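J.: Provided herewith is a single structure, encoded as structure tokens, for subsequent inquiry.
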Amino acid sequence: MTGKVVVIQGLVKRFGAQEILCGVDLEVPKGEVVVIVGPSGSGKTTLLRCINFLEEYQGGRIHVDGQLVGYRESGGRLVRLPDSVIAGMRADVGMVFQSFNLFPHMTALENVMLGLTRVRKLPPHEAEERATSWLERVGLEDKLQAYPAQLSGGQQQRVAIARAVAMEPKVMLFDEATSALDPELVGEVLGVMENLAHSGMTMLVVTHEMRFARGVGHRIVFMDKGVIVEQGAPRQIFEQPQSERLTAFLGHFTKTM
Amino acid sequence: MYQFNWRPVFDNFDLLLKGLSLGIGIAVLALAIGSLLGLVAAFGRASGPRPIRLLVAGYVEGARNIPLLLLIYFVYFGLPLIGISVLDNLWSFVFALAIYSGAYLTEIFRAGIEAVSKGHIEAGKAIGLNRWQRIRFVTIPLMFRIVLPSLGNTFISLFKDTSLASAIAVPELTYGAIRINVNTWRVIEVYLVVGLLYLVTCYAIAGGLRLLERRFAMIR
Amino acid sequence: MDVVIASGPLILRGLLVTLEVSVAVLLLGTLIGVMGGLSLLYGAWPLRLIARVYVDTMRGIPQLVLIFAIFYGFPALGLQVSAIVAGILALSVFCGAHVSEVIRGGVDSIPRGQMDAAQGIGLNFAQRLRYVMFPQALGRILPAWVNTAVEVVKASSLVSLVSVVDLMMAIQQIVGRTREALLFYAVAALLYFAINYTISAIGVRLEKRYAYT
């Protein structure tokens, strides 16, 4: 497990009687950018949300940086960890949501600083410095005091990325980060994500943006109906799909590619 | 034809004004204490164990279905008869009004808590905030902004309810009216002026509220 | 317990007075409220203005002040009123303002499209009101009106402050005599609670029957 930031073994997740994830295995080494694609309902978002335990899972194991996520082993059974422990683990996993979820009652700077002061326990001036620097890196140095309501969708999402990345997580999860954006704003966010990838961040990205997947991803994972159907290097996935399901799925995108 | 004589009212105007400010002060106190009660009860009802939830439900239903006057009498006349004679008439009233408003505020806060978007709470989880931190930095600030209009209306209601304090001789505005009448019997003038004072104050509060809403209310 | 039984008749008489006052206020208030509501919705602008001023004024003054004003004020103007009549009058004026707003709100909340469609199939004004507007408005007005009823029962206790012997006053007299505060305040609370809870329960039933949306 050394060198692997995320290790998922036989992951099973059920919503009531329905099985959403039916045994998923995935290993992500440090610095790799994994892009997860697939039709809606394939479980890709649920997979992401299990990694930072926004969703519980019923079977299998998830380890982030060697630590079992959400549970502790007790005689082969999974016992749920207390909320404060889970909170601590979440600090090391950054997540960017489709609907941004910026705290509307705080400025951009305050949004980024909250985790730094309250979770990382940094002194205020250091938190402010780090937050400011990250907001500058995503191109929002003149919007530090702006409230989310005063920002465009693309700007809000960039603040959200800064908020997650400033925590210096071991891995960043992107849950359809650009799906809720107007088309002309998608580019600025993808640009930030690309820069992040080039700087060596380990990333798991769920997206429909195939150009991004092809250009920035190191590995593409195709999911359907709760399992990983096929995975590989972008070139191989897009030009030589092995499975029928992947071929059918890619067929929807040939026009935009 | 009724002969208007405004002198007695205006001679005693300071009495009325003092009563008015006392009324506002009482309303503020009752709102503050009631909010504390309401917050605790709302969280208790939302995420507490069953006995707590039943207790809160009992409190809310009980206090909202009985007259405020009964609660006032119970606190002021009733408590001393069972040995609790710590509160004078003013504090009895504040206490009674706080309990009464707490029941309404519990429901207001409960709806507000439910209205806080799940996404914001998840964002709090995602950056590693623990349960208490999520409540303190995300849920409560957002909830207050959502319920601000309801809170304001409750405050105006509480201010009007302070008129009942006159029943136990607390010197607020209505009691002031009674006192002036006892001495001078210019009832029409007195009640016209007192009515106007209440009216103007209520509308001033409502106006201030609108300003507050503009600054703080949620654009979600 | 004998104390309770001994006071029984007094409590019952007080309860009756409370119910009388509440029913009278509700009837009168609803009448005023319907007129007020219709004025707000469909009246010519002078009428609408009067209704608006009426509703907004009642929102800004306490009910007790109006009760006192009528009880002490009318005699000063030469109109003799008994305490109970003064109380009913004042509370009805308030109830009317409440009900006006309830009706206005209920009708206003019906989507514009409904009236357009009704006009589209050629219904005249009265028909539109009767077949399209009112049935739908009723579903929204009823629960709010039931709330008003509960408020009226609670407000009826204010007449005790002008010495009407309603339930509140009866209990006060008994407590004054027997010093059994806890017991009798509890009895009062139970009675008021029972009345209001019943009203609310009926309201929930009615709401279910008339909720179309």
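Protein chains in written order, with our numbering: chain A, 2 to 258; chain B, -1 to 218; chain C, 8 to 220.
C-beta atoms are modelled at their ideal positions from N, C-alpha and C, and glycine is treated no differently.
All of these numbers come straight from a predicted model, not from anything done at the bench.
Give me the subset of the region 53 to 78 of chain A whose CB atoms are less than 9 Å from a CB atom of chain B, sorted by chain position.
T.: Taken in chain order, the members of the region 53 to 78 of chain A whose beta-carbon sits within less than 9 Å of a beta-carbon on chain B are Asn53, Phe54, Leu55.
J.: Terminal residues of the continuous beta strand (DSSP E) containing Leu174 of chain A?
T.: Along the first sequence, read from residue 1 onward, the residue named residue 174 of chain A stands at position 173. From DSSP, the beta strand (DSSP E) with Leu174 of chain A extends over 172 to 176.
J.: Quick one: what does DSSP say Ala87 of chain C is sitting in, helix, strand or coil?
T.: For this step, residue 87 of chain C is matched to residue 80 along the third sequence. At residue 87 of chain C the sequence reads Gln, which differs from the Ala that was named. DSSP places Gln87 of chain C in coil when its eight states are reduced to three.
J.: Name, in chain order, the residues that DSSP records as bridge partners for Cys51 of chain A.
T.: Taking the first residue of the first sequence as 1, we reach residue 51 of chain A at position 50. None; Cys51 of chain A has no bridge partner.
J.: Rounded to whole angstroms, what's the CA-CA distance from Leu18 of chain B to Val188 of chain B? Just pull it up for me.
T.: Looking up residue 18 of chain B in the second sequence gives position 20. Looking up residue 188 of chain B in the second sequence gives position 190. Distance between the alpha carbons of Leu18 of chain B and Val188 of chain B is about 14 Å.
J.: Tell me the DSSP secondary structure of Leu79 of chain A in three-state form.
T.: Here residue 79 of chain A refers to the residue found at position 78 of the first sequence. Strand.
J.: Among the residues of its own chain, which have a CB less than 7 Å from the CB of Leu22 of chain C, if the five just before and after it don't count?
T.: For the purposes of this step, residue 22 of chain C is identified with residue 15 of the third sequence, where counting begins at 1. Closer than 7 Å at Cβ, skipping near neighbours: Leu174, Leu198.
J.: Can you have a look at Leu34 of chain B and say buried or exposed, based on whether 16 or more other CB atoms are within 10 angstroms of its CB?
T.: On the second sequence, residue 34 of chain B is found 36 positions in, with the first residue counted as 1. Leu34 of chain B sits exposed, since fewer than 16 C-beta atoms from the chains shown fall within 10 Å of its C-beta.
J.: At a Cβ threshold of 8 Å, is Ser116 of chain C touching chain B?
T.: As a position in the third sequence, residue 116 of chain C is number 109, starting the count at 1. Closer than 8 Å: no.
J.: State buried or exposed for Leu69 of chain B, treating a residue as buried only when at least 16 other CB atoms are found within 10 Å of its CB.
T.: As a position in the second sequence, residue 69 of chain B is number 71, starting the count at 1. Label assigned to Leu69 of chain B: buried.
J.: If you draw a straight line from the alpha carbon of Val157 of chain C to that of Leu96 of chain C, how long is it in whole angstroms?
T.: Taking the third sequence and counting its residues from 1, one reaches residue 157 of chain C at position 150. Taking the third sequence and counting its residues from 1, one reaches residue 96 of chain C at position 89. The straight-line gap from Cα to Cα measures roughly 18 Å.
J.: What residues of chain A sit near Val136 of chain B, judged by a beta carbon separation below 7 Å?
T.: Within the second sequence, numbered from 1, the residue matching residue 136 of chain B stands at position 138. The answer, in chain order, is Phe104.
J.: Determine contact between the region 174 to 189 of chain B and the region 135 to 146 of chain B, defined as no fewer than three beta-carbon pairs at a distance below 8 Å.
T.: No: the two stretches stay apart, fewer than three of their Cβ pairs being nearer than 8 Å.
J.: For Phe200 of chain C, tell me which candidate among C:Val172, C:Lys161, C:Val166, C:Ser170 has the shortest Cα-Cα distance.
T.: For this step, residue 200 of chain C is matched to residue 193 along the third sequence. Residue C:Lys161 is the option with its Cα nearest to Phe200 of chain C.
J.: Answer yes or no: does any C-beta atom of chain B fall closer than 8 Å to that of Phe75 of chain C?
T.: Mapped onto the third sequence, residue 75 of chain C falls at position 68. Phe75 of chain C counts as touching chain B.
J.: With a cut-off of 8 Å on the beta carbons, I'd call Val34 of chain A and Val206 of chain A a contact; round off their distance for me.
T.: As a first step, residue 34 of chain A is located in the first sequence; it is residue number 33 there, counting from the start. As a first step, residue 206 of chain A is located in the first sequence; it is residue number 205 there, counting from the start. At roughly 7 Å, the Cβ-Cβ gap stays under 8 Å, so Val34 of chain A and Val206 of chain A are in contact.
J.: What residues of chain A sit near Leu127 of chain B, judged by a beta carbon separation below 8 Å?
T.: Sequence index remark: in the second sequence, residue 127 of chain B carries index 129 (1-based). Ala88, Leu115, Gly116, Arg119, Val120, listed in chain order.
J.: Just the Cα atoms here: how many angstroms apart are Ile117 of chain C and Cys23 of chain A?
T.: In the third sequence, the residue the question calls residue 117 of chain C occupies position 110. In the first sequence, the residue the question calls residue 23 of chain A occupies position 22. Near 48 Å, if we compare the C-alpha coordinates of Cys23 of chain A and Ile117 of chain C.
J.: Does the Cβ of Trp4 of chain B have 16 or more other Cβ atoms within 10 Å, making it buried, or fewer, making it exposed?
T.: One-based indexing of the second sequence puts residue 4 of chain B at position 6. The residue is exposed, with fewer than 16 neighbouring Cβ atoms inside 10 Å.
J.: Within the 8 Å Cβ cut-off, does Pro222 of chain B reach chain A?
T.: A question about residue 222 of chain B goes unanswered here, because the residues of chain B that appear run from -1 up to 218.
J.: Nearest by alpha-carbon distance to Ala214 of chain A: which of A:Ser200, A:Ile238, A:Gly201 is it?
T.: Numbered from its first residue, the first sequence carries residue 214 of chain A at position 213. Closest option to Ala214 of chain A, Cα to Cα, is A:Ile238.
J.: Excluding five sequence neighbours on each side, which residues of the same chain lie with their C-beta closer than 7 Å to the C-beta of Met2 of chain A?
T.: As a first step, residue 2 of chain A must be located in the first sequence, where it is residue number 1. Residue confidence for Met2 of chain A is low, a pLDDT of 49 falling below 50, so the modelled location carries little weight; the figure read from the coordinates is stated next. Residues Val8, His64, Gly67 of the same chain have their beta carbon placed closer than 7 Å to that of Met2 of chain A, with the five preceding and five following residues left out of the count.
J.: Ends of the beta strand (DSSP E) at His64 of chain A?
T.: Start at 1 with the first residue of the first sequence, and residue 64 of chain A comes out as number 63. Per DSSP, His64 of chain A belongs to the beta strand (DSSP E) from 60 to 65.
J.: Please return the same chain residues whose Cβ sits closer than 8 Å to the Cβ of Glu210 of chain A, not counting the five positions on each side in sequence.
T.: Numbered from its first residue, the first sequence carries residue 210 of chain A at position 209. Cβ neighbours of Glu210 of chain A beyond the five flanking positions: Thr179, Val187, Leu191.
J.: Which one or two residues does DSSP pair with Phe223 of chain A in a beta bridge?
T.: Here residue 223 of chain A corresponds to residue number 222 of the first sequence, with the count starting at 1. Residue pairing from DSSP places Phe223 of chain A in a beta bridge opposite A:Val38, A:Glu231.
J.: Contact criterion: CB-CB distance below 8 Å. Does Ala128 of chain A meet it with respect to chain B?
T.: Here residue 128 of chain A refers to the residue found at position 127 when the first sequence is read from its first residue. Output row for Ala128 of chain A: interface = no.
J.: Looking at the secondary structure, which residues open and close the alpha helix (DSSP H) in which Gly50 of chain C lies?
T.: By 1-based counting over the third sequence, the position of residue 50 of chain C is 43. Gly50 of chain C -> no alpha helix (DSSP H), and no H or E assigned at all.
J.: Going by beta-carbon coordinates alone, are Val114 of chain B and Gly80 of chain C separated by less than 8 Å?
T.: Reading the second sequence from its first residue, position 116 is the one you call residue 114 of chain B. Reading the third sequence from its first residue, position 73 is the one you call residue 80 of chain C. By the CB criterion at 8 Å, Val114 of chain B and Gly80 of chain C fall outside the cutoff.
J.: Looking at the C-beta of Met168 of chain A, does it have a partner C-beta in chain B at a distance below 8 Å?
T.: Here the question's residue 168 of chain A lines up with position 167 in the first sequence. Chain B, which has a Cβ nearer than 8 Å to the Cβ of Met168 of chain A, makes this yes.
J.: Taking C-beta pairs closer than 7 Å, name the residues in chain A that Lys158 of chain B reaches, listed in chain order.
T.: Stepping through the second sequence from its first residue, residue 158 of chain B is reached at position 160. Result: empty, since nearest Cβ-Cβ is about 31 Å, beyond 7 Å.
J.: Among A:Gly60, A:Gln99, A:Val97, A:Gly95, which one has its Cα closest to the Cα of Arg81 of chain A?
T.: Reading the first sequence from its first residue, position 80 is the one you call residue 81 of chain A. Comparing Cα-Cα distances from Arg81 of chain A to each of A:Gly60, A:Gln99, A:Val97, A:Gly95, the minimum goes to A:Gly60.
J.: With DSSP run on the structure shown, which of helix, strand or coil describes Leu145 of chain A?
T.: Along the first sequence, read from residue 1 onward, the residue named residue 145 of chain A stands at position 144. The DSSP-derived three-state label of Leu145 of chain A is coil.
J.: Who are Lys5 of chain A's beta bridge partners in DSSP?
T.: By 1-based counting over the first sequence, the position of residue 5 of chain A is 4. The partner list for Lys5 of chain A (beta bridge, DSSP) reads A:Pro30.
J.: Quick one: residues in its chain with C-beta nearer than 7 Å to the C-beta of Asn53 of chain A, no 5 flanking neighbours on either side, listed in chain order?
T.: What you label residue 53 of chain A is simply residue 52 of the first sequence in a count that begins at 1. Around Asn53 of chain A: Arg91, Val94, Met96, Leu174.
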